[in-house]
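*Asks:*
Number of protein chains: 2
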Amino acid sequence: MKKKSAPQADAAPAPKPRKKTPRAETAESMASRQREIAVSEFFLKNRHLLGFDSPRRALLTAVKEAVDNSLDACEEAGIVPEIAVDVQQIAESRFRVTVTDNGPGIVKAQIPKIFAKLLYGSKFHRLRMSRGQQGIGISAAGMYGQLTTGAATRILSKVKNAKAAHSLAVQIDTKSNKPVILSDEEVDWRPAFQAVEETGASVGEAAVYAHGTSVAIEMEAQYQRGKQSVDEFVKQCAIVNPHLTLHYRLALLPKPEPRVQKPEAEKTESRPPQMEEHRVSYVRALKDMPVIPREIMPHPHGVELGLLMQMLKDTEARTLRSALASDFSRVSDQTALQICERAGLNPKANPTRVAHQEAESLYRAIQETKLMRPPTDCLSPIGEAQIVAGLQKEIKADFYTAVTREPEVYRGNPFQIEVGLAYARPEETKAAEDMGQEEPIRLLRFANRVPLLYQPGACAITKAVIGVNWKAYGLNQPKGALPLGPLVLMVHMASVWVPFTSESKDAVASYEEILAEMTLALQECGRRLSVFLNKRRRDMEAARKRSYIELYIPHLALGLKDILGFSDTEKARVERELKNMLEKTHVEVG
Amino acid sequence: MKKKSAPQADAAPAPKPRKKTPRAETAESMASRQREIAVSEFFLKNRHLLGFDSPRRALLTAVKEAVDNSLDACEEAGIVPEIAVDVQQIAESRFRVTVTDNGPGIVKAQIPKIFAKLLYGSKFHRLRMSRGQQGIGISAAGMYGQLTTGAATRILSKVKNAKAAHSLAVQIDTKSNKPVILSDEEVDWRPAFQAVEETGASVGEAAVYAHGTSVAIEMEAQYQRGKQSVDEFVKQCAIVNPHLTLHYRLALLPKPEPRVQKPEAEKTESRPPQMEEHRVSYVRALKDMPVIPREIMPHPHGVELGLLMQMLKDTEARTLRSALASDFSRVSDQTALQICERAGLNPKANPTRVAHQEAESLYRAIQETKLMRPPTDCLSPIGEAQIVAGLQKEIKADFYTAVTREPEVYRGNPFQIEVGLAYARPEETKAAEDMGQEEPIRLLRFANRVPLLYQPGACAITKAVIGVNWKAYGLNQPKGALPLGPLVLMVHMASVWVPFTSESKDAVASYEEILAEMTLALQECGRRLSVFLNKRRRDMEAARKRSYIELYIPHLALGLKDILGFSDTEKARVERELKNMLEKTHVEVG
């Protein structure tokens, strides 16, 4: 133990200076080493930021990114999604992830960039809710595969109404963040699908559609059951996407047998190992697609001074008034005029000139002008009925409720909070409660319909739940911790831009406006829960007291018999009638 | 309250479908919207990732990035650093941060890129410990200033031995991640400095040097005292950089007076408001610079298969053997030969060919080969004596100790963990302990000599401290929480690449190897603390028992007097001798 650590003395002497210290730099020598860093180099070194810091998490992240893309593509194209997720172990620490969808397919020229270039996509620049937003995810998964196995990302895709499909193998040149195409073939759709299946992957029913995309990535990974597993991810996906049919196959190599010396003859190397296979299909509950959200313009109250200046410089409008009315949401021509007047600016002024000289007064005038909240059709919340239905389908409980709040805004981005709640097994709990052994509630976190499984501690959702005083609603809650009890709580944030705490998109950043909305939704659900719990408590209390009184009815009747000289028949009648009365009245006994 | 939330019904009906839903997309229409995302656009939208999510944190982050750069530059140039940090409030929610150093200065051509281009720098591509590593920080601070105020980053810099200094104002074109130069002048050094001072900023003593850099950024910000303030940052900087002299000035506008109706005459608008000014100088404790760390090659055991293939493709060596020996650390010519033999490869093979065909067997052979741990001179730990000195200077305590572990490796990156500890005020504590009101210990986190003030919950350091069983070392510790007691604990991670959990560099990612080293260092410090605490406890116990016995000595003497018929003088003598005996023996009474 002491080998590595310093001697017992409280402070060892300073380390000896080494003899050959590197030469001191000058401004010139330092300048010669300055260079640009490709974003792919950056994330290769920082791959934990993308969710690839452990082999276990890498597997989940890869599946998540591929499924997000598939769902987004299907929904944008108005196709009811059917997705096959295949996770196949091909060596002790190596897996192949194949995700196949019935989406619109991808135009060939875009395939290399979408799958092998970081920061490339169609979702970043628009204000509209979608699962993907950064243009990093799937390329990062491919880059991780390439880094750990040297293998390429393989894509098979067919666009609707196209004659042929395309099969490509791509890698990312990490020094330049550019795609490298290793192979590129025009192929027939069905045979190509069969070829994918021949690699062992399950592609579900997607082949029956005449369009879609299949992506396969080989990577160093590890599979482990539990709360942060691919199993849990696809299950939660099905809860918040009731229009999704998802086929999931997990194929694991047999576990290495304990090292027993076997006779030589039994070592039959030729037989391939029998895979341990798990299959589950989540069939859609409804065929209706969620409403396709609409793209919006930025809301003026969320635009900072510097950004306002940039927008005025870039506008295509000729006058300040029309720039305000055309480039922002919730600014009518009339409101634009008001803003100009309040700022003391000419509505016909050149926006570019305003950007340089009078932006600050314009900025202040905008802040002082009352505006409608941003339009809400850029969001597609799950809906209260759908949340309750999802919970009922998945979780056995005695009480369900859900709240979908009206949209709010943080930094100009509309967002909407939804909370669902399922409370179960009150009897068993009572005992656990008494024994101080209650478990923390189960908290399910979602952002734009994507389950968040990692980093609960860093997430605004967890923070909001901990911040609510659950004791007021009848639950126990240790200080600074999740409440206790047989409760499943789900919180969903829908937004045109979810502020994740890292590129791996596992936790929502704690913007005040977001926390406030979550708190209000949680409190509303809490109140409803408390009404239910109070009623149940009163009912149980009443039942307890009634059964207590019932116990005494025979004695009461006996007493009456003695005092009033009742016959046995009269006594029995009194007893019966007392019981009836008690049952009918249901008086508040407490 | 009900206005925003759904009706009391447990689940409201699904939202009505809107009539005008956006048109469904096709593969072709989606392709037309795909585009590249500039890394600056990405971080502008995700500025919370860079530490600019609140005005308060923004202020700290800007100071931190500028100071990191100044310290790195001074040390690389072998200049004992003297830095002035000036934080000046210029409007209610607007500050100007000016950081001035006596560093080597920056070559003019590099200034725009260093201060107005993300992912540009000299530290990313080398394996050597430094504060900055990403090439993002200072440009991000400027970008945030630009976004919130529209102002440019102003830089004044003079290179050693150059005739003139350069004064530049730069902004970042966020759509292309390229610098825009707004003004660019050749100026005289001293007058230019005076000009900076005339803006109200304190530039410390830096002007007396004939070289250095001063950077000023205006931004929306907020100042608040406390654990996450600039005050705390500069103080902790001084602790871990004993060779640094740092002048800190904070100038705040007077707080708006409570709105009392004053007589008209008193409203003297012409007089400028009196600034509330705080100044503190941390003077260096030692003139010796830390050893300049040396750049190293990657260690073979930390190189993944995909990266190995890339390195073999890129090598300038002609043979596999020489590629192994020249491009990796700790691979001698002899070891390279061994690896080739183990992999069954010809040492004279063309590395590029091996990259494509035999990389896997080479990879396996490398893993199986025992290698020396990476060289340690790429790191510059603080040192045990220096840590203890730093703690003693700053924190009054009864017991100090520090452990600097030997370097270890995670993912091929050498790193080194240091832990320091100061334990104080035992008497007062005892009472608090009895009353169950002990406070959690104070944990100071550092990475490459930079204090980490945000996101303690996400940090491996916090995780490691919580994971240690402090009860075994004599402290109370609630389950899953920091231990309690009058203890200041500092943990420093030095590494050629600190794996931060986000670009804001506030928390260290939880790699297993890092957690293990932290745990060992903490345990060693814990053991030393426990020796101290046990001794103190025994001493106190002995003292308590002795005073108890002392109480009875007069009675004992009186008894002896009665029984043995002692005179008063004899009684006094016995009393005295009993006391002497007690004092001399110091026997273990317990």
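As they're listed, the protein sequences go chains U and B. Be aware that the first sequence starts at 1, since it is given in the numbering used here, and climbs by one per residue. Be aware that the second sequence starts at 1001, since it is given in the numbering used here, and climbs by one per residue. Every residue gets a Cβ at the ideal spot worked out from N, C-alpha and C, and that includes glycine.
1) Between the C-alpha atoms of B:P1017 and U:D53, what's the straight-line distance to the nearest angstrom?
2) Relative to the alpha-carbon of B:I1090, which residue among B:T1153, B:V1208 and B:M1219 has its alpha-carbon at the smallest distance?
3) Within 10 Å of its beta-carbon, does B:Q1146 have 16 or more other beta-carbons around it, so buried, or fewer, so exposed?
4) Cα-Cα, which of B:K1064, B:S1167 and B:Y1511 is closest to B:Q1228?
5) Per the DSSP calculation, U:Q88 is bridged to which residue(s)?
6) In chain order, what residues of the region 1302-1314 of chain B put their CB closer than 9 Å to some CB of chain U?
7) What is the rounded straight-line gap between the Cα of U:E185 and the Cα of U:L49?
8) Which class does B:V1291 belong to by DSSP, given the choice of helix, strand or coil?
9) Would you kindly work out how many angstroms separate the C-alpha atoms of U:D86 and U:G383, rounded to a whole number?
10) If the cut-off is 8 Å on Cβ atoms, which residues from the region 464-486 of chain U count as contacting chain B, listed in chain order?
11) Go ahead and label U:S183 buried or exposed: buried means 16 or more other beta carbons lie within 10 angstroms of its beta carbon, across all protein chains shown.
12) In chain U, what lies closer than 8 Å to B:V1208 by C-beta?
13) With which residues is B:S1183 paired in a DSSP beta bridge?
14) Determine, using beta carbons only, whether U:A422 comes closer than 8 Å to chain B.
15) With 8 Å set as the bound, which would you pick, yes or no: does the beta-carbon of B:S1040 sit closer than that to a beta-carbon of chain U?
16) Note down, one range per segment and in chain order, each beta strand (DSSP E) of at least 3 residues found wholly within the region 451-509 of chain U.
17) Answer with yes or no whether the minimum CB distance from B:D1562 to chain U is below 8 Å.
18) Could you work out which residues of chain B lie near U:G412, taking near to mean beta carbons separated by less than 7 Å?
19) Applying the criterion that 16 or more other CB atoms from any shown protein chain within 10 Å of the CB defines a buried residue, is U:G356 buried or exposed?
20) Using a Cβ cut-off of 8 Å (strictly closer), state whether B:K1571 contacts chain U.
21) Assign U:G51 to one of two classes, buried (16 or more other C-beta atoms within 10 Å of its C-beta) or exposed (fewer than that).
22) Spell out a yes or no on whether the region 1192-1212 of chain B and the region 1409-1421 of chain B are touching, meaning 3 or more CB-CB pairs, one atom from each, closer than 8 Å.
23) On the CB-based measure, 16 or more other CB atoms within 10 Å of its CB, does U:T569 come out buried or exposed?
24) Taking the alpha carbon of B:A1073 as the point to measure from, which residue in B:H1211, B:M1030 and B:R1033 has its own alpha carbon closest?
25) Per DSSP, what kind of secondary structure is U:D188 in: helix, strand or coil?
26) Output the distance between the C-alpha atoms of B:L1371 and B:I1339, rounded to the nearest integer angstrom.
27) Would U:H492 be called buried (16 or more neighbouring beta carbons within 10 Å of its own) or exposed?
28) Using the DSSP secondary-structure output, state which residues sit across from U:A422 in a beta bridge.
29) Note down, in chain order, every chain A residue with its Cβ under 9 Å from the Cβ of B:M1030.
30) Straight-line CA distance for U:L246 to U:A238?
31) B:G1135 touches chain U at which residues, Cβ-Cβ below 7 Å?
32) Please name the residues in the region 187-203 of chain U whose beta-carbon is closer than 7 Å to at least one beta-carbon of chain B, in chain order.
33) So U:D327 and U:A336 are in contact, right, with Cβ under 8 Å, and what is the actual spacing, rounded?
34) Taking all protein chains shown into account, decide if B:Q1224 is buried (16 or more other Cβ within 10 angstroms of its Cβ) or exposed.
35) Whose C-alpha, out of B:W1189, B:L1119 and B:T1149, is nearest the C-alpha of B:K1178?
36) For B:Q1349 and U:E92, I'd like the C-alpha separation in whole angstroms.
*Replies:* Taking the definition as stated:
1) Numbered from 1 along the second sequence, position 17 holds the residue referred to as residue 1017 of chain B. Numbered from 1 along the first sequence, position 53 holds the residue referred to as residue 53 of chain U. Only weak support is given to the placement of B:P1017: the predicted model assigns it a pLDDT of 39, under 50, and the value that follows is read from those uncertain coordinates. If you take the alpha carbons of B:P1017 and U:D53, they lie about 42 Å apart.
2) On the second sequence, position 90 is the one that residue 1090 of chain B refers to. Taking only the C-alpha atoms, the option nearest B:I1090 is B:M1219.
3) Residue 1146 of chain B sits at position 146 when you count from the first residue of the second sequence. With 16 or more other Cβ atoms inside 10 Å of its own Cβ, B:Q1146 counts as buried.
4) For the purposes of this step, residue 1228 of chain B is taken as the residue at position 228 of the second sequence. B:K1064 is the residue among B:K1064, B:S1167 and B:Y1511 whose C-alpha sits nearest the C-alpha of B:Q1228.
5) The sequence position of residue 88 of chain U within the first sequence is 88, counting from 1. Looking at the DSSP assignment, U:Q88 forms a beta bridge with U:R96 and U:A251.
6) Taken in chain order, the members of the region 1302-1314 of chain B whose beta-carbon sits within less than 9 Å of a beta-carbon on chain U are E1304, L1305, G1306, L1307, L1308, M1309, Q1310 and D1314.
7) The count along the first sequence starts at 1 and reaches residue 185 of chain U at position 185. The count along the first sequence starts at 1 and reaches residue 49 of chain U at position 49. Answer to the nearest angstrom: the Cα atoms are 34 Å apart.
8) For the purposes of this step, residue 1291 of chain B is identified with residue 291 of the second sequence, where counting begins at 1. B:V1291 falls in the coil class under three-state DSSP.
9) Mapped onto the first sequence, residue 86 of chain U falls at position 86. Mapped onto the first sequence, residue 383 of chain U falls at position 383. Taking C-alpha positions only, U:D86 is separated from U:G383 by approximately 30 Å.
10) The residues in question: there are none.
11) Walking along the first sequence from the start, residue 183 of chain U turns up at place 183. So U:S183 ends up on the exposed side.
12) In the second sequence, the residue the question calls residue 1208 of chain B occupies position 208. The CB of B:V1208 never comes closer than 8 Å to any CB in chain U; the least such distance is about 18 Å.
13) Within the second sequence, the letter at position 183 stands for residue 1183 of chain B. Per DSSP, the beta bridge partners of B:S1183 are B:A1169.
14) Here residue 422 of chain U is taken as the residue at index 422 of the first sequence, counted from 1. With 8 Å as the cut-off, U:A422 does not count as an interface residue toward chain B.
15) Taking the first residue of the second sequence as 1, we reach residue 1040 of chain B at position 40. Output row for B:S1040: interface = no.
16) When DSSP assignments are scanned along the region 451-509 of chain U, the uninterrupted stretches of beta strand (DSSP E) that are 3 or more residues long and fall wholly within it turn out to be 487-495.
17) Here the question's residue 1562 of chain B lines up with position 562 in the second sequence. Under the Cβ criterion of 8 Å, B:D1562 is not counted among the residues facing chain U.
18) Translated into the one-based positions of the first sequence, residue 412 of chain U becomes position 412. Per Cβ cutoff of 7 Å: no residues; U:G412 is ~11 Å from chain B at best.
19) Here residue 356 of chain U refers to the residue found at position 356 when the first sequence is read from its first residue. For the sequence presented, residue 356 of chain U should be read as His rather than Gly. Classification of U:H356: exposed, given that the 10 Å Cβ count is below 16.
20) Locating residue 1571 of chain B in the second sequence gives position 571, counting from the first residue. Not one chain U Cβ lies under 8 Å of B:K1571.
21) Along the first sequence, one-based indexing puts residue 51 of chain U at 51. Result: buried.
22) At 8 Å Cβ cutoff, the stretches do not touch.
23) Looking up residue 569 of chain U in the first sequence gives position 569. U:T569 should be labelled exposed.
24) Residue mapping note: residue 1073 of chain B aligns to position 73 of the second sequence, counting from 1. It is B:H1211 whose Cα lies nearest to the Cα of B:A1073.
25) Locating residue 188 of chain U in the first sequence gives position 188, where the first residue counts as 1. In this structure, U:D188 counts as coil in the three-state DSSP scheme.
26) As a position in the second sequence, residue 1371 of chain B is number 371, starting the count at 1. As a position in the second sequence, residue 1339 of chain B is number 339, starting the count at 1. If you take the alpha carbons of B:L1371 and B:I1339, they lie about 11 Å apart.
27) Along the first sequence, one-based indexing puts residue 492 of chain U at 492. Answer is buried; the Cβ neighbour count reaches 16.
28) For the purposes of this step, residue 422 of chain U is taken as the residue at position 422 of the first sequence. The partner list for U:A422 (beta bridge, DSSP) reads U:Y400 and U:V488.
29) Of the protein chains in the structure, U and B, none is chain A.
30) Numbered from 1 along the first sequence, position 246 holds the residue referred to as residue 246 of chain U. Numbered from 1 along the first sequence, position 238 holds the residue referred to as residue 238 of chain U. In a straight line, the C-alpha of U:L246 is about 7 Å away from that of U:A238.
31) Taking the second sequence and counting its residues from 1, the one referred to as residue 1135 of chain B is at position 135. Those are I37, listed as they occur along chain U.
32) Those residues of the region 187-203 of chain U that come within reach of chain B (Cβ to Cβ, closer than 7 Å) do not exist; the list is empty.
33) The residue given as residue 327 of chain U occupies position 327 in the first sequence. The residue given as residue 336 of chain U occupies position 336 in the first sequence. No, U:D327 and U:A336 are not in contact; Cβ-Cβ is about 10 Å, not under 8 Å.
34) Taking the first residue of the second sequence as 1, we reach residue 1224 of chain B at position 224. Here B:Q1224 is exposed. Its C-beta has fewer than 16 other C-beta atoms within 10 Å.
35) Here residue 1178 of chain B is taken as the residue at index 178 of the second sequence, counted from 1. Residue B:L1119 is the option with its Cα nearest to B:K1178.
36) Position 349 of the second sequence, counted from the first residue, corresponds to residue 1349 of chain B. Position 92 of the first sequence, counted from the first residue, corresponds to residue 92 of chain U. It should be pointed out that residue 1349 of chain B corresponds to Ala in this sequence rather than to Gln. Looking at the two C-alpha atoms, the distance is approximately 29 Å.
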